[in-house]
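Chemist: This structure is in structure tokens; I'll ask about it shortly.
Protein chains in written order, with our numbering: chain B, 1 to 538; chain R, 1001 to 1450.
Take a look at the structure:
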């Protein structure tokens, strides 16, 4: 019997019956029974009476200590339709059969992230009965965790304390879900900073930095000397957010840190401040290496890379040892240019605009090295003007010469531009180059895609279909389109849903597969429109 | 009541799925993409055309207002029932995106509906005029007598097996394993006593069921002995108890009780499967009469039973009880309106009252494993490795059964509670409490835990 307590008085009799039954009536006769052929029947009779008596007499047991109630969730409840939608999205778990070809129906699990983002933006509370499924989904997909846990709210953390499967939720939330103190209460802040766990302190520092950057730095200075090197690195990194010239004295001092990684990070942060002393020192060094060649008819640039990496350069964060396969001088040169404020070049190179500078020919094959370093500088200093110039025109990005700027660098450069400009550039790129290289670039565009970008993608898909290839060659872009295309564009796709007549040069059956893929795209867009509508305006 | 108000929730629709694969396939079809010409009528009919792999779309119709639960018709070749198209269409309809507008059923749907209604009307007329099938009462009596003789022989044989076991001791059962009891169960099937066969088969599994097995084995042996003896002396039992014994032995009964018309709230629906049979249990609560009734439905291996009633809805219908003292099993009779949403909830009791209720139920049926009961204001509480439902206002609690502890429904219950009292419907027996449905303390929909 497990724990429902049976009445006690005749427990002894019952024990006696069980013992006799185990051994058999041939070997043992309980007191009060006649041994012989009728003993088993008498035993069964008695056991039947006892069994029913014990069951009928069951009582409620003593209650164990009840759990602390979960913290209340003050957010408004989800609209009914949206709650149903969530249940449906959570029912569609990967690995529950199916597999293989995707057919025309939407991939619901892929829509969960944006559903969560939208629900969080509107500040809804999760329906409590959906929490177990939500936590299970977040357990399987780490990328879902931040949004899922924000949506799940305080009760999910309460649940996670009771179920070891969901312990990740406590780890993901600093302090196991204990709230940060009121940031205006200096005593509490100071106490947590002095006594808190590492994760709690990082969270505290980040929270303060978000509101009052200077206060965060001052807090860090109070204990800087006594922190461990790994911790110093992490704390220093949290200054990246809201970095201003005011941080310079502290960072300059960190350039003399015992830890090489701390020094490198301090140097990197300083170089992102165009007016810092470090940036000025770097500018002097870099400017000495690049000059306009006046000996020719056409003006061009000549590069004279540094011959040594002196201690001053090393102190300013230049890594002396080049990685295998790279020349030392070009390695040092790249780091100098990367850390030099881009504004330097306009003054240094005869008042030319960034566009004119990038267009200048460069002598002796230094071009790719120089341009790559400028790209890194533009990304680090978030300089949109230079980024725009280095990206070139989207229709002919290779005009600057082959391999001057890689795809990954382009994606990063695009990150420095505004959302509209970014989408427009990628749209132009796709219109000229097709989709084969677009995946990475599409990843940096804002969702939902701006109208020109969405149309460029759909047109390119249409062209790919007409070219006779199979849709799964574009499954990456297709998947992105399902998640990122503006649902309002769905009606423009109606013409693509029919199965076209098969042309001779097309791959066999491709038309049907394309129609299926477009149907899935439209269905997904409709579903996303319905999802957004159910949640209401943000 | 508005048309929108009658719509079911996705959970309720998915509860109709015969298995997990259909559930998944159905939810994929629950979007507007493959559907065309979908619509629904105020009388509870939903239809649509679903594009499949072939050139001709499948025609899917569902009649949710049918007296015996939803009826489905789909032109697809699937043998699943309901098929994924029917599930997808119901999901689409439940989603309420406007993809299934109200309208007039197309001809192909109307034809099927008209055919069904005609057949139902004929069947009802035939039922009313008395069944002509029971042609020869004399022959039927002779068949029943022969069967009773076989069962008596089977019961006597079983008694012999039990006394042999007790003579040599239960410890020997541990070595004997399944074989002996499987063979005995087969003999009981031959004796046309399926109830005895099932109990005999379970005896074989007990010695390997973990610590405390001798106690459980002795209990079950003793109850089987009690059933044998009750059968052998059934002439001397009161009528009600004799009827209970007959149903426990496995003799077919018929729902002969007077039909009780009520607004029946569907408390819970769950399936148990073994390799040959899927058994579906549906608990109903009469919101007017306060009665609790159990509907049973069976499906052959791998197929869902046809009867399906979505949890949380009420249906105005008649049910008739099966014979037997304290018998909760009933059959669904005429249904007067399609299932509709409700805010009604059953009244609950404390844990102590619930335990007493099980004890009282044993007076009528000593073989009863559990009784349905609604607990008022209980808090799911961890208790070491296990869980219990503790009274919010007293220091008493009911433990959950070992099986209920490992089900995902437990966590939905815990999440719903959040440490606060909830109302829980479930089955309470000697193994503990099995939660099936829970309601939050304030307003809110019931949450299925099965």
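The beta carbon of each residue, even a glycine, is placed where N, CA and C say it ideally should be.
Buried or exposed: where does residue 1160 of chain R fall if 16 or more other Cβ atoms within 10 Å of its Cβ makes it buried?
Modeler: Classification of residue 1160 of chain R: exposed, given that the 10 Å Cβ count is below 16.
Chemist: Step through the CB atoms of chain B and report whether any lies within less than 9 Å of the CB of residue 1034 of chain R.
Modeler: Yes - at least one Cβ of chain B is within 9 Å of the one on residue 1034 of chain R.
Chemist: Would the segment 270-284 of chain B count as touching the segment 294-308 of chain B if we require 3 or more Cβ pairs under 8 Å?
Modeler: These segments do not touch.
Chemist: Express the C-alpha separation of residue 535 of chain B and residue 144 of chain B in angstroms, rounding to a whole number.
Modeler: Rounded to whole angstroms, residue 144 of chain B to residue 535 of chain B spans 19 Å at the Cα level.
Chemist: If you draw a straight line from the alpha carbon of residue 1444 of chain R to that of residue 90 of chain B, how long is it in whole angstroms?
Modeler: So the two alpha carbons sit approximately 20 Å from each other.
Chemist: If we count the other Cβ atoms within 10 Å of its Cβ and call it buried at 16 or more, is residue 423 of chain B buried or exposed?
Modeler: So residue 423 of chain B ends up on the buried side.
Chemist: Whole angstroms are fine: how far does the CA of residue 265 of chain B sit from the CA of residue 247 of chain B?
Modeler: Their Cα atoms are separated by approximately 13 Å.
Chemist: Under 6 Å Cβ to Cβ from residue 1331 of chain R, same chain only, skipping five residues before and after it: list those, please.
Modeler: Same-chain partners within the cutoff: 1255 and 1320.
Chemist: I want to see whether chain R comes within less than 9 Å of residue 383 of chain B, judged by CB atoms only; does it?
Modeler: No - not a single Cβ of chain R is within 9 Å of the one on residue 383 of chain B.
Chemist: Looking at chain B, is there any beta carbon in it that lies within less than 9 Å of the beta carbon of residue 1460 of chain R?
Modeler: It is not possible to answer for residue 1460 of chain R, since the shown part of chain R is limited to 1001 through 1450.
Chemist: Using the Cα positions of residue 525 of chain B and residue 488 of chain B, report the straight-line distance between them to the nearest angstrom.
Modeler: So the alpha carbons of these two residues sit roughly 8 Å apart.
Chemist: According to DSSP, residue 1399 of chain R sits in a beta bridge with which residue or residues?
Modeler: In DSSP, residue 1399 of chain R forms a bridge with R:1388.
Chemist: Name the one or two DSSP bridge partners that residue 1437 of chain R has.
Modeler: R:1425 and R:1448.
Chemist: Using the Cα positions of residue 540 of chain B and residue 75 of chain B, report the straight-line distance between them to the nearest angstrom.
Modeler: Residue 540 of chain B lies beyond the stretch modelled for chain B, which goes from 1 to 538, so this question has no answer here.
Chemist: Counting C-beta neighbours from all protein chains within 10 Å, is the total for residue 1298 of chain R 16 or more, i.e. buried, or is it exposed?
Modeler: Answer is exposed; the Cβ neighbour count stays below 16.
Chemist: Would you mind working out which of B:135, B:147 and B:474 sits nearest residue 157 of chain B, comparing C-alpha positions?
Modeler: Comparing Cα positions, the closest option is B:135.
Chemist: Would you report the Cα separation of residue 1215 of chain R and residue 1233 of chain R, rounded to the nearest angstrom?
Modeler: Each residue's Cα considered, the two are about 27 Å apart.
Chemist: Output needed in chain order: residues of the segment 44-58 of chain B with a Cβ under 7 Å from some Cβ in chain R.
Modeler: Result list: 44, 47, 48, 51, 52, 55, 56, 57 and 58.
Chemist: Is it a yes or a no for the segment 509-527 of chain B touching the segment 481-499 of chain B, going by three-plus beta-carbon pairs under 8 Å?
Modeler: Contact holds: three or more Cβ-Cβ distances are below 8 Å.
Chemist: Between the segment 1285-1305 of chain R and the segment 1259-1270 of chain R, do three or more beta carbon pairs fall short of 8 Å?
Modeler: Flag = yes, the segment 1285-1305 of chain R and the segment 1259-1270 of chain R touch.
Chemist: Return the residues of the segment 21-45 of chain B that lie within a Cβ-Cβ distance of less than 8 Å from chain R, sorted by chain order.
Modeler: Residues passing the 8 Å Cβ filter: 21, 22, 23, 24, 25, 26, 27, 39, 40, 41, 43, 44 and 45.
Chemist: So the alpha helix (DSSP H) residue 335 of chain B belongs to, where does it begin and stop?
Modeler: First-last of the alpha helix (DSSP H) with residue 335 of chain B: 328-338.
Chemist: According to DSSP, is residue 524 of chain B part of a helix, a strand, or is it coil?
Modeler: Of the three classes helix, strand and coil, the one that applies to residue 524 of chain B here is helix, per DSSP.
Chemist: If distances are taken between C-alpha atoms only, which option among R:1077, R:1273, R:1185 and R:1252 comes closest to residue 1322 of chain R?
Modeler: When each option's Cα is compared against that of residue 1322 of chain R, the closest is R:1252.
Chemist: Please compile the residues from chain B whose C-beta is within a distance smaller than 7 Å of the C-beta of residue 1412 of chain R.
Modeler: The answer, in chain order, is 129 and 132.
Chemist: Look up residue 1283 of chain R in the DSSP assignment and give the residues it is bridged to.
Modeler: Note: residue 1283 of chain R sits in a beta bridge opposite R:1268 and R:1294.
Chemist: Here's a check: name, in chain order, each residue in its chain whose Cβ is nearer than 7 Å to the Cβ of residue 1112 of chain R, leaving out the five neighbours to either side.
Modeler: Once the five neighbours on either side are set aside, the close Cβ partners of residue 1112 of chain R are 1061 and 1073.
Chemist: Using CA coordinates, which residue listed in R:1044, R:1009 and R:1043 is at the minimum distance from residue 1027 of chain R?
Modeler: Among R:1044, R:1009 and R:1043, the Cα nearest to that of residue 1027 of chain R belongs to R:1009.
Chemist: Does DSSP put residue 1262 of chain R in a helix, a strand or coil?
Modeler: DSSP places residue 1262 of chain R in strand when its eight states are reduced to three.
Chemist: Are there 16 or more other CB atoms within 10 angstroms of the CB of residue 1193 of chain R, so buried, or fewer, so exposed?
Modeler: Residue 1193 of chain R should be labelled buried.
Chemist: From residue 1037 of chain R to residue 1056 of chain R, what does the alpha carbon distance come to, in whole angstroms?
Modeler: Each residue's Cα considered, the two are about 14 Å apart.
Chemist: Give, in chain order, every unbroken run of the alpha helix (DSSP H) that is at least 4 residues long and sits entirely within the segment 298-379 of chain B.
Modeler: 311-315, 328-338, 343-348 and 354-359, all fully within the segment 298-379 of chain B.
Chemist: Near residue 279 of chain B, what residues of its chain come up, given a Cβ to Cβ distance below 8 Å and the 5 sequence neighbours on each side ignored?
Modeler: So the list reads 270, 271, 273, 339, 340 and 341, once near-sequence residues are dropped.
Chemist: Give me the Cα-Cα distance between residue 1110 of chain R and residue 1046 of chain R, rounded to the nearest whole angstrom.
Modeler: If you take the alpha carbons of residue 1110 of chain R and residue 1046 of chain R, they lie about 11 Å apart.
Chemist: To the nearest angstrom, how far is it from the Cα of residue 199 of chain B to the Cα of residue 231 of chain B?
Modeler: Going by the C-alpha atoms only, they are around 10 Å apart.
Chemist: Are the CB atoms of residue 1397 of chain R and residue 64 of chain B within a distance shorter than 9 Å?
Modeler: For residue 64 of chain B and residue 1397 of chain R, yes; Cβs fall inside 9 Å.
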